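Everything on this sheet refers to the single structure shown next.
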Amino acid sequence: MGEYKHGHISGKIINKEMKPPELIDDLILNMFKESKGAFVSGQTMSNKIRISRTAVWKHIEGLRREGYVIVSTPSRGYSLVVAPDKLSASEIKRGINTKTIGREVQVFNAVVSTNDIAMEMGARGMQEGLVIVAESQSHGRGRLGRTWISPGNVNIYASILFRPELSPVYAPTLTMMASLATATAISKTTGLEAKIKWPNDILIGSKKVSGILTEMNAEEEMINYVVVGIGINVNMRVGDLPDGLRIPATSLMECIGEKVDRTALLKQLIETIDSDYDGLKNKGIMSVVKRWRENCITLNKKVKATLPGEVITGVAEDVTQQGGLVIKMAEGHTKVIYAGDITILE
Ligand code: BT5
Numbered sequence: 045m046g047e048y049k050h051g052h053i054s055g056k057i058i059n060k061e062m063k064p065p066e067l068i069d070d071l072i073l074n075m076f077k078e079s080k081g082a083f084v085s086g087q088t089m090s091n092k093i094r095i096s097r098t099a100v101w102k103h104i105e106g107l108r109r110e111g112y113v114i115v116s117t118p119s120r121g122y123s124l125v126v127a128p129d130k131l132s133a134s135e136i137k138r139g140i141n142t143k144t145i146g147r148e149v150q151v152f153n154a155v156v157s158t159n160d161i162a163m164e165m166g167a168r169g170m171q172e173g174l175v176i177v178a179e180s181q182s183h184g185r186g187r188l189g190r191t192w193i194s195p196g197n198v199n200i201y202a203s204i205l206f207r208p209e210l211s212p213v214y215a216p217t218l219t220m221m222a223s224l225a226t227a228t229a230i231s232k233t234t235g236l237e238a239k240i241k242w243p244n245d246i247l248i249g250s251k252k253v254s255g256i257l258t259e260m261n262a263e264e265e266m267i268n269y270v271v272v273g274i275g276i277n278v279n280m281r282v283g284d285l286p287d288g289l290r291i292p293a294t295s296l297m298e299c300i301g302e303k304v305d306r307t308a309l310l311k312q313l314i315e316t317i318d319s320d321y322d323g324l325k326n327k328g329i330m331s332v333v334k335r336w337r338e339n340c341i342t343l344n345k346k347v348k349a350t351l352p353g354e355v356i357t358g359v360a361e362d363v364t365q366q367g368g369l370v371i372k373m374a375e376g377h378t379k380v381i382y383a384g385d386i387t388i389l390e
């Protein structure tokens, strides 16, 4: 399947003029789905998709290389026996009912970082709501230049493009909104209770299952575009993560003891973010901040904050509309911090 390299971004070619290879794959897979295990002839596929029978065969070979087990007989055609656990744009979009988020979904096999692609799409003027998903990232990013470990075909790596009518100082609202939506989607899909730790960690118990990285392109008064990148450890084995992570990590599979349907979770996430974004537009920033306060485990706890160049301790009292954490220090005064890491002491 085609790969492209553009600057530091690599991924599959999406070409609107020709039929993108993924679209043809999706159309073939849809036909298999509709046939419910019965054979579909190469001629039927060729007629419906309007590509040659040789092209159908090439795509079947490509799908086989990706792990699809497809049997074929010259007289009856092709039948899908086993499908790998793979994300596809058409599966994600099927039956989804959203206003803005997920109007366009693009799924890549291997990228450097989904945030890079979404930022690039933002720079090229793509409309908001675009969702970039990848099966694996070679350089998934965390905050402050850190790495997000992104093994293939087991987790969710998704970046969403927004063009909010907000002043740049309120961009953290989108991180808050996304962390709330991620916690909600996890709870709805798995029944687990997911909580938020300031500023961007989603925890099950005391272990990190998801992180959010928000990046933006803005002018002094106006946001041009914001990309919210969400990484969720879904079906990875935690033993595959290195020791010494900032916060002990887990995956949803480890928590519930069985594999989680990544497509269902991603759909739920997109739908939740869509309705929450609508809520943000209609009800304003405070509606997000209020809900965030209710779901944040950091508030009313004694915390240690590691900031660039200093470490402070105090009680985390509140979060501001700009996403700052208000810490009441032992000496009685308060300090608002906007970046850094928090350790909950008690
Ligand atoms: C984050 O940073 O938690 C933000 C992670 C955002 C990842 C998404 S995936 C889609 C999109 N594309 C990207 O390139 N990024 C976004 P931070 O709070 O800085 O946490 C990073 C720290 O978490 C690392 O330094 C490790 O200690 C730890 N870590 C790395 N990979 C992890 C993983 N898969 N699960 C849990 N912890 C991890």
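For what it's worth, the working numbering labels the leading residue of the sequence shown as 45, then goes sequentially. Cβ coordinates follow ideal geometry from the N, Cα and C atoms, glycine included. Note that the structure is a prediction, hence the values are computed from the model and not measured.
Cβ shell of residue i (< 7 Å), same chain only, five flanking positions each side left out
i      : result
Lys303 : Asn279, Met297
Ile381 : Ala349, Leu351, Gly368, Leu369, Ile371
Glu390 : Lys345, Lys346
Thr364 : Val370, Val380
Ala222 : Ile256, Val272, Ile274, Ile317
Chain-order list of residues whose beta-carbon lies under 8 Å from that of residue i (same chain, five-residue window excluded)
i      : result
Met165 : Leu174, Ile176, Leu205
Met373 : Ile356, Thr357, Gly358, Lys379
Phe152 : Gly55, Lys56, Thr158, Ile161, Ile176, Val177, Ala178, Glu179
Arg185 : Ser157, Asn159, Thr191, Trp192, Leu257, Gly273
Ala383 : Arg187, Leu188, Pro243, Leu351, Pro352
His52  : Per-residue confidence for His52 stands at a pLDDT of 44, beneath the threshold of 50, marking its modelled position as unreliable; the derived number appears in the next sentence. Contacts found: Val156, Asp160.
Asp385 : Arg290, Ala349, Thr350
Asn74  : Ser134
His183 : Val156, Ser157, Thr191
Spatial distance of residue i from residue j (CA atoms)
i      : j      : result
Leu218 : Gln171 : 17 Å
Ile329 : Gln366 : 9 Å
Lys311 : Leu257 : 20 Å
Thr342 : Glu135 : 36 Å
Asp129 : Lys252 : 23 Å
Asp320 : Phe76  : 35 Å
Ile291 : Gly323 : 31 Å
Thr228 : Lys63  : 36 Å
Gly121 : Val84  : 5 Å
Glu338 : Thr316 : 17 Å
Ile72  : Pro65  : 11 Å
Arg306 : Ala82  : 26 Å
Ser194 : Tyr112 : 23 Å
Ala127 : Ile230 : 24 Å
Gly125 : Ile68  : Sequence check: residue 125 is Val here, not Gly. For Val125 and Ile68, the distance between alpha carbons rounds to 19 Å.
Arg147 : Leu285 : 34 Å
Gln150 : Ala238 : 27 Å
Lys327 : Arg281 : 40 Å
Supposed close pair residue i, residue j - CB separation, criterion 8 Å
i      : j      : result
Cys340 : Ile267 : With 8 Å as the limit, Cys340 and Ile267 do not qualify as a contact, their Cβ atoms being about 24 Å apart.
Gly255 : Gly275 : 5 Å
Ser116 : Val100 : 11 Å between Cβ atoms; not a contact.
Ile93  : Asp318 : 30 Å between Cβ atoms; not a contact.
Arg207 : Tyr269 : 5 Å
Thr226 : Ile246 : 5 Å
beta-carbon residue i near the ligand BT5 non-hydrogen atom, thresh 6 Å
i      : result
Asn91  : no
Tyr201 : yes
Asn339 : no
Gly146 : no
Leu247 : no
Ala293 : yes
Met157 : For the sequence presented, residue 157 should be read as Ser rather than Met. It does: the Cβ of Ser157 is within 6 Å (strictly closer) of some heavy atom of the ligand BT5.
Leu369 : no
Leu289 : yes
Arg187 : yes
Lys252 : yes
Arg281 : no
Pro141 : In the sequence under discussion, the amino acid at residue 141 is Asn, which differs from the Pro named in the question. Checking the Cβ of Asn141 against the ligand BT5 gives no.
Gly184 : yes
Leu107 : no
Ile356 : no
Arg190 : yes
Leu296 : no
Gly275 : yes
Leu257 : yes
Cβ neighbours of residue i in the same chain (closer than 6 Å, five flanking residues each side left out)
i      : result
Ser203 : Thr158, Asn159, Ala162, Ile176, Val271, Gly273
Lys232 : Gln312
Ile388 : Lys345, Val347
Asn277 : Asn199, Val253, Ser295
Gly376 : none
Lys49  : Bear in mind that a pLDDT of 41 at Lys49, under 50, signals an unreliable position, so the model cannot answer this.
Glu61  : At Glu61 the pLDDT is 44, less than 50, meaning the model places this residue with poor confidence; the figure from the coordinates comes in the next sentence. Counting only Cβ-Cβ distances below 6 Å, and skipping sequence neighbours, we find nothing.
Cys299 : Leu236, Ile248
Ser123 : Phe83, Val115
Glu361 : Val370, Lys372
Proximity test, Cβ basis, 7 Å: residue i and chain B
i      : result
Ser250 : No chain B appears in the structure shown, which is made up of a single protein chain.
For the stretch 320-337 and the stretch 246-263, state whether three or more C-beta atom pairs, one from each stretch, are separated by less than 8 Å.
-> Touching, no.
Per the contact definition of three or more C-beta pairs closer than 8 Å, is the stretch 92-108 in contact with the stretch 140-150?
-> No, because fewer than three Cβ pairs between the stretch 140-150 and the stretch 92-108 fall closer than 8 Å, the two stretches do not touch.
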